[in-house]
Amino acid sequence: MPTPRFALKRLATATALTLCVVPLMASAQTQSADPQQTPDQQSTDPQAPTPGQTADATSDAAAGDEASGPPIPLVPETPTWDSFHGQLNAQKYSPLDQITTDNVDDLEKVWEVHTGDVSDGSGERPATVWSATPIFANDTLYIGTPFYRILALDPATGEQKWSFDTQSKLEAMTQPALKNRGVAYWQADDPVAGEPCQKIVYIGTMDARLFAVDADTGKACQSFADNGVLDINQWNDTHAKWPLSVLQPPTVVGDHLILGWAGKDWAFEQAPPGTVFSINARTGEREWTFQALSDAMREKSGTANVWTQMSADEEHGLVYLPVSSPSPNYWGGNRTEKAPLATSTTALDVDTGKVVWSRQWVHHDVWDYDINAAPTLMDITVDGKQIPALIQSTKMGFLFVVNRLTGEDVWPIEERAVPQGDGSVKGEKYAATQPFPTKPKPLLDQSKKPGVWWLADAVSGGQCSALWDKLTYEGMYTPPTTRGEGTLAYPDSAGGIQWGGVAFDPESQTAIVNTSHIVQTIKLYDRQAYEKADSGSGNESGFAPQTGAPYGLRLEVARNWLGMPCWEPPYGELVALDMTTGDVKWRRPVGASQQYGFFMPESWGSPTIGGPAVTAGGVVFIGASMDARVRAYSLESGKELWSDQAQAPSVSNPAVYEYQGREYVVFIGGGNTILKQQVGDQVVAYALPEE
0 MPTPRFALKR LATATALTLC VVPLMASAQT QSADPQQTPD QQSTDPQAPT PGQTADATSD
60 AAAGDEASGP PIPLVPETPT WDSFHGQLNA QKYSPLDQIT TDNVDDLEKV WEVHTGDVSD
120 GSGERPATVW SATPIFANDT LYIGTPFYRI LALDPATGEQ KWSFDTQSKL EAMTQPALKN
180 RGVAYWQADD PVAGEPCQKI VYIGTMDARL FAVDADTGKA CQSFADNGVL DINQWNDTHA
240 KWPLSVLQPP TVVGDHLILG WAGKDWAFEQ APPGTVFSIN ARTGEREWTF QALSDAMREK
300 SGTANVWTQM SADEEHGLVY LPVSSPSPNY WGGNRTEKAP LATSTTALDV DTGKVVWSRQ
360 WVHHDVWDYD INAAPTLMDI TVDGKQIPAL IQSTKMGFLF VVNRLTGEDV WPIEERAVPQ
420 GDGSVKGEKY AATQPFPTKP KPLLDQSKKP GVWWLADAVS GGQCSALWDK LTYEGMYTPP
480 TTRGEGTLAY PDSAGGIQWG GVAFDPESQT AIVNTSHIVQ TIKLYDRQAY EKADSGSGNE
540 SGFAPQTGAP YGLRLEVARN WLGMPCWEPP YGELVALDMT TGDVKWRRPV GASQQYGFFM
600 PESWGSPTIG GPAVTAGGVV FIGASMDARV RAYSLESGKE LWSDQAQAPS VSNPAVYEYQ
660 GREYVVFIGG GNTILKQQVG DQVVAYALPE E
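Those letters in the sequence shown? Residues 0 to 690, by numbering that gives the first Met the number 0.
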């Protein structure tokens, strides 16, 4: 059951809808094909509303109903950092202002912890990729490790209060590395003294289990699922080629755990089809199931899952899903019919799993352009009108801004004609148009091939310019090809913008986003040619079979023989946007690239993984770069104000919290082999000197 306050709000909304709102689409739920499924465990029929239409859309009248109880503010009234993006709105915003632009340069390291849960992949154990956001709740800092342990730390000293080991297999079952993006936290509205598991921490594992642990004691919650462990793989009933890995912590909304899963990209034509589950936070019982693909497409395709964090508007009872692309990723001849919920932002009623609205951002996705970050929810003032909005960042470098209650455009989003390929890939039926936002403008210029970097070209004897001549590119959404060296992909499937998402300062209505400028090459091979060409793969690069499809693929970063990028810098930027106009306020290179131990000039910037946080002190905190430094920038000007060296690239979002009157900023130096071969096990906290 939802929490009492949340239940009252939803009851009032439902009553108003019954009286006032006529359903606008046939997105009613249907009984699951699972004969064991109870009536309240229904799956959503994957038919999306027309943009701007809603099914069960929440009205302003319902939101203001006196019977609904106190409103639930979009921005928490007290400093909150108890989830992956700090808050359910995914703003990554703290109202704390002890640390300011004037004193941030005085930050000092106040404690540091090394977990021991790290591997560089040189032995039998796979490398670790650690993207966990530390969460602050219950006067404790909770952290999940890539060995699938939970650590509960004293927020002032880093001293360990307790730890919990899931005893999971440390095997790369669905990913090329051991991955963890942290833990989730829930507590009862009115915790009963002396009763266990009134406050719970959850961690998922690659072998598809979700563990519930008492937040005070670190002991398993016996009343949750099977003695504290929920087997997610029990629902893996279609093309079960790999486990439904729970690498991202669930999104906690009231008493609901909204849970997606991660799979194995680029491997199969047919794969487990995308599902999102609502789980009761107390008991582990499944409440509803959402499916992104139709039953017909589920049989011949798969994925279109949600592998990253979600966001939620508790006031209106909506949870927002960033949905990924169907399988196989780079050939769609098996799925030429429309799949309107794939590669989309989809808003669900959190109590029922019913689609309220959905916007598809890539039609017939054959570029692996998963929607990979939770949309950031914000109230903005445009042309004098306050709008309940969201901004969806994407791998394409596009930022789509819509009304979060209806899905309607805030600034026009246009369908534009896109390239239709060279005819070399059989069975395809490309989308004639794709959505393009008019504001904000694309964060990088995709209209033409990026310029060849003269230095990389010169030292390689023209290797880069020769490669450019052999790559097909007709602008954004040029389809993959079997010819030459393939298609130039810009941005590539690793971003654009990655899972860190967009930060937002609600006072100045400024959005902050970091973006990578990376060029990759995509080439498809027919089955016989692929078997001869395959020479292995790495993390997000190399050869991939797409077994069952007529084509395998090669995906590589466009570099010369020395490993230098062939395209012009900068390679990554931090961008500030005025969300009242959609215009850029400032942009600057972020971080420094590194190769063979040498750091490049900071004017060239660095590819980035991990997102920013912003505070009322006017400071933006971010790690994310190859050089493994953590930094602070001015929200107003973009000027770099402070930095320190971490053990490895900080590819997670930082956490900002207050404890006993002192403001702390915590980073995890864990690394990601997509950036470079440097991993770590560091948790490091900074604060101003005590007087």
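Here a beta-carbon is modelled for each residue, glycine too, at the ideal position from N, C-alpha and C.
Contact between residue 612 and residue 263 is ruled out by a C-beta separation of about 31 Å, above the 8 Å threshold. Its Cα nearest to that of residue 589, the residue 573 stands out among 671, 471, 573 and 269.
Following the DSSP letters along the chain, one finds residue 467 inside the alpha helix (DSSP H) bounded by residues 462-469.
A straight-line Cα-Cα distance of about 15 Å links residue 651 and residue 81. In the DSSP secondary-structure assignment, residue 389 is bridged to 376 and 401. Secondary structure note for residue 200: its beta strand (DSSP E) is the uninterrupted segment 198-203. As DSSP reads the structure, residue 319 sits in a beta bridge with 310 and 346. Residue nearest to residue 610 within the set 600, 631, 603 and 616 is 631 (criterion: CA-CA distance). By the Cβ-count criterion, residue 672 is buried, with 16 or more other Cβ atoms from all chains shown falling within 10 Å of its own Cβ. The residues 90, 91, 92, 375, 510, 511, 512, 610, 611, 612, 613 and 619, in chain order, have a CB closer than 8 Å to that of residue 502 in the same chain once the five nearest residues on each side in sequence are set aside. Secondary structure note for residue 213: it is in no alpha helix (DSSP H), and the uninterrupted beta strand (DSSP E) holding it is 208-213. Its chain contains 590, 591, 593, 598 and 605 as the residues whose beta carbon lies nearer than 7 Å to that of residue 626, once the 5 sequence neighbours on both sides are disregarded; these appear in chain order.
Residue environment analysis places residue 453 among the exposed positions, since fewer than 16 neighbouring C-beta atoms fall within 10 angstroms of its C-beta.
Rounded to whole angstroms, the gap between the alpha carbons of residue 190 and residue 201 is 17 Å.
Segment contact: the segment 405-414 against the segment 111-125, fewer than three CB-CB distances shorter than 8 Å; contact not assigned. Distance from residue 193 to residue 210 at the Cβ level is roughly 23 Å; contact not present, criterion being Cβ atoms closer than 8 Å. For residue 265, there is no enclosing beta strand (DSSP E), as DSSP marks it with neither H nor E. In its chain, beyond the 5 residues on either side, 283 have a beta carbon closer than 6 Å to the beta carbon of residue 224.
With contacts defined as CB atoms closer than 8 Å, residue 481 and residue 428 fail to qualify as a contacting pair. Straight-line spacing of the CA atoms in residue 245 and residue 167 works out to 12 Å.
With respect to the C-alpha of residue 165, the residue from 143, 388, 561 and 564 having the closest C-alpha is 143.
Using a Cβ-Cβ distance cut-off of 8 Å, the segment 413-423 and the segment 382-397 are not in contact, since fewer than three pairs of beta carbons, one from each stretch, lie closer than that value. The C-beta distance from residue 212 to residue 163 rounds to 5 Å, short enough to fall under 8 Å. For residue 530, the enclosing alpha helix (DSSP H) has its first and last residue at 526-532. Annotation for residue 106: 641 and 685 place their beta carbon closer than 6 Å to its own, counting only its chain and skipping 5 residues before and after.
The C-alpha of residue 222 lies about 8 Å from the C-alpha of residue 196.
Residue 387 and residue 378 have their C-alpha atoms spaced approximately 5 Å apart. When C-alpha distances from residue 88 are compared across 157, 271, 139 and 313, the shortest belongs to 313.
Judged by pairs of C-beta atoms under 8 Å, the segment 558-567 touches the segment 432-450, as three or more such pairs exist. For residue 364, the closest of 331, 336 and 344 by C-alpha to C-alpha distance is 331. Under DSSP, residue 513 shares a beta bridge with 573. Secondary structure remark: continuous beta strand (DSSP E) runs of at least 3 residues inside the segment 397-457, in chain order: 398-402, 412-416 and 432-436. Residue state for residue 633 is assigned as strand, using DSSP reduced to three classes. Residue 559 and residue 487 have their alpha carbons spaced roughly 15 Å apart. Residue 153 and residue 140 have their alpha carbons spaced roughly 6 Å apart. Residue 130 has its alpha-carbon roughly 35 Å from the corresponding atom of residue 381.
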